[in-house]
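K.L.:
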Amino acid sequence: MSLTSLAVSSGSIFVFDLTTALTPVTFSDLVAVLSNPWVLATLIVIVAWYGSKFVTNRIRPRLEDRLRTSTTNLLLVAFRIAVVFYAFVPFAGLLGFRPQNVLLSFTVLSLILGAILAPVGRSYISGLFIVYNRPYEVGDMIELVEREERGYVEEITLGYTKVSTLENSFLVIPNESMRERDIRNLSADGERIRATITVDITYESDLDEACRLLEEAARSVDGVITDESTIRVGRSRFPADPKALVDEFADHGIRVVLKFWVEEPYLPAAIRSDVQRTAWDAFENADVEIAYPHTHVVFDETSGRAKIDLDSRDFDRNGDADRSAARDDPSEVDSR
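In UniProt numbering, the protein residues as written are 1 to 336.
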């Protein structure tokens, strides 16, 4: 039984044989389609794109267990770029490119792009140094010393470093700039950092009482490490418990420095404020006074009077008379 279909267009009737249209595609038909070089090249690119994405998603967890996150991202991106690049080779052949032509074109293009994209190239080279030297990692809290700004490293690429600040904003900084500026890694050997508070107390205050109150103020604030353990910094170890030390005898008082450790690197400002407020309240009820410059003006019985001794001066009356005459008659002075 033959299946037909009618179509009317511009007054004409067309008859379609649906039996031929519904004929199943055979393997030979598929081979004939794939024998077209353009179809085959397109299929290779599609398989390379999605295949490389599938492979990178599968091997990412294993690489992250052995390598740092930034190194893993770099390797996987390089792998995908290489796969897709080689997938475009058939297209280059269809367009008439030959290896020697491609090499010449690549050389000329490299010279042009090298002159135009030199700043970008410097950032990428700096990115390689950052990945190799590992001054910071994804998840570390860093401080940009010049900007006095802190944040977490969200992403490290060859071109830039992405930092999430404590103000809930993002900083995208070229790696060239990151290499040239001073960066403090606050979580390289753990998130605990040391905070310092400087207080000047008067010479009449009780020094021992002031040190004790400062240490107790630090211990009473949440977030301050108060155990008796030590914290390793490089090859040295420091006591974790808050400690008040006499720094120097200043002009207006005794300078005391309170040093303590904070558990979280993004809390020092708030914790320092709480410690200082607690210490202020403690000083109010103790024999401790914060020093500040005083100005003391002293008046005696001679204040407000100018003392002039005329007897000690060599007062030449004749000289004064001559000067008066010169002003009145200059010719008289010349005749003398």
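Note that CB positions come from ideal geometry on N, CA and C, so glycine has one too. All figures in this text were calculated on a predicted structure; none of them were measured in a lab.
Roughly how many angstroms lie between the CA atoms of Glu-143 and Ile-59, to the nearest whole one?
P.N.:
33 Å
K.L.:
Which of helix, strand or coil does DSSP assign to Val-47?
P.N.:
helix
K.L.:
Please report the straight-line C-alpha distance between Gly-223 and Thr-72, rounded to a whole angstrom.
P.N.:
34 Å
K.L.:
Less than 6 Å between C-beta atoms, sequence neighbours within five positions excluded: which residues of the same chain meet that for Ile-183?
P.N.:
Ile-142
K.L.:
Have a look at the DSSP bridge pairing and note the partners of Glu-155.
P.N.:
Lys-162
K.L.:
Nearest to Ser-187 by alpha carbon, out of Ile-290, Leu-40, Tyr-152?
P.N.:
Tyr-152
K.L.:
Measuring straight from C-alpha to C-alpha, what distance separates Glu-209 and His-294?
P.N.:
One C-alpha to the other measures close to 23 Å.
K.L.:
Since Leu-76 and Tyr-124 should fall inside the 8 Å C-beta cutoff, what is the C-beta to C-beta distance between them, to a whole number of angstroms?
P.N.:
Between Tyr-124 and Leu-76 the Cβ distance is about 17 Å, and since that is not below 8 Å, they are no contact.
K.L.:
Using 8 Å for Cβ pairs, my map puts Val-288 next to Ser-205. What's the rounded Cβ distance?
P.N.:
5 Å
K.L.:
Given this structure, state the Cα-to-Cα distance separating residue 341 from Arg-122, to the nearest angstrom.
P.N.:
The question about residue 341 has no answer here: the residues shown for the chain are numbered 1 through 336.
K.L.:
Decide if Gly-11 is buried, meaning its Cβ has at least 16 other Cβ atoms within 10 Å, or exposed.
P.N.:
Summary for Gly-11: the model assigns pLDDT 48, below 50, so the residue's position carries little reliability; its value from the coordinates is reported in the next sentence. Looking at its Cβ environment, which holds fewer than 16 other Cβ atoms inside 10 Å, Gly-11 is exposed.
K.L.:
Opposite Met-141 in the DSSP bridges: which residues?
P.N.:
Tyr-152
K.L.:
Nearest CA to the CA of Trp-280: which residue from Lys-53, Leu-267, Ile-197?
P.N.:
Ile-197
K.L.:
Taking the C-alpha atoms as reference points, what is the distance between Leu-207 and Ile-201?
P.N.:
8 Å
K.L.:
Mind reading off the beta-carbon distance from Leu-258 to Ala-286? Whole number of angstroms is fine, and I expect it under 8 Å.
P.N.:
Not really, about 15 Å apart at Cβ, beyond 8 Å.
K.L.:
Round the Cβ separation of Arg-192 and Glu-263 to the nearest angstrom and send it over; I've been treating them as touching at under 8 Å.
P.N.:
Cβ atoms of Arg-192 and Glu-263 come within 8 Å of each other, at about 6 Å.
K.L.:
What's the C-alpha gap between Asn-57 and Val-145?
P.N.:
Their backbone Cα atoms lie some 37 Å apart in a straight line.
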